[in-house]
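A.B. asks: Numbering (the numbering used here), first residue to last: 90 to 297. Cβ coordinates follow ideal geometry from the N, Cα and C atoms, glycine included.
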Amino acid sequence: MGANAIKMKIGGAPINEDVERVRVVRETVGPDVKVMVDANCAYRHYEAIEIARKMEPYDVFWFEEPVNPDDYKGHQLISQSTTIPIATGENEYTRYGFRELIEGRCCDILQPDGLIMGGVTEFMKVAAMAQSHDLHVAPHGKQEIHVHLVCAIPNGLTVEYYRGSTDPMWDKTFLEPLEVKDGFVSPPDRPGFGIDLNEEALAPHRVR
């Protein structure tokens, strides 16, 4: 695959233990691989500030969802308290929530999910708002959809890519899954999203 960026979970262990895990990962992958951490809203804002500052020596590319997604003030305080970029947005469902994040300078990287926040049209509106504030967009999951959208915006940062080891069905759902080569992925050139369901693989999971 040649991946040049990886993401790890934090927030399920004491702060110092998670910081040690981040240190080990950084030393293992070396300085040229981007390391992102995802807390899945595990912290209170002051805890997030503490661990963010302790992770700073390890060149963390972003700190994702440090606190509850509706805690805009908490996100703002964390963003102001660390040099690590804060990423959030996968649990925002309208452009109005993204407006709060953007205008409040609550984060540095927005993570809209086009499948839950109104589709392609709303996604593009959020991306435009983010661009007007010099913020990057790194969509949440759904790589087969978001690869097209990232290519269509000037402030697209990266495409989150799930491997089959995450869920065995990832590599079986579509007839031609996206392929990563040397850390990059290209969108299909077929009409629409360019994806076709693997009906045979999905048949055992149908509910009638």
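At 4 residues or longer, and completely inside the segment 150-195: list those alpha helix (DSSP H) runs for me, N to C.
C.D. replies: Correct list: 161-170 and 184-192.
A.B. asks: Within the same chain, show all residues whose beta-carbon is closer than 8 angstroms to that of R188, passing over the 5 residues directly before and after it, in chain order.
C.D. replies: Position 99 of the sequence shown, counted from the start, is the residue given in the question as residue 188. For R188, where only same-chain residues beyond five positions count, the Cβ hits under 8 angstroms are M218.
A.B. asks: Where does P155 land, buried or exposed, given buried means 16+ other C-beta within 10 angstroms?
C.D. replies: On the sequence shown, position 66 is the one that residue 155 refers to. Buried, since its Cβ has 16 or more Cβ neighbours within 10 Å.
A.B. asks: By the three-class DSSP mapping on this structure, what secondary structure does A290 have?
C.D. replies: Locating residue 290 in the sequence shown gives position 201, where the first residue counts as 1. Residue state, collapsed to three classes: helix.
A.B. asks: Beta-carbon within less than 8 angstroms of L238's beta-carbon, same chain only, minus the 5 sequence neighbours each way: which residues are those?
C.D. replies: Taking the first residue of the sequence shown as 1, we reach residue 238 at position 149. Correct list, in chain order: G203, V209, F212, M213, A216, P228 and G245.
A.B. asks: Give the straight-line distance between the Cα atoms of Y135 and I167, rounded to the nearest whole angstrom.
C.D. replies: Position 46 of the sequence shown, counting from 1, holds the residue named residue 135. Position 78 of the sequence shown, counting from 1, holds the residue named residue 167. So the two alpha carbons sit approximately 8 angstroms from each other.
A.B. asks: As a quick exercise: from I205, I198 and V236, pick the residue whose alpha carbon is nearest that of Q220.
C.D. replies: Looking up residue 220 in the sequence shown gives position 131. Q220 has its Cα closest to that of I198, out of I205, I198 and V236.
A.B. asks: Would you list the one or two residues that DSSP bridges to L199?
C.D. replies: Walking along the sequence shown from the start, residue 199 turns up at place 110. Its beta-bridge partners are T177 and V226.
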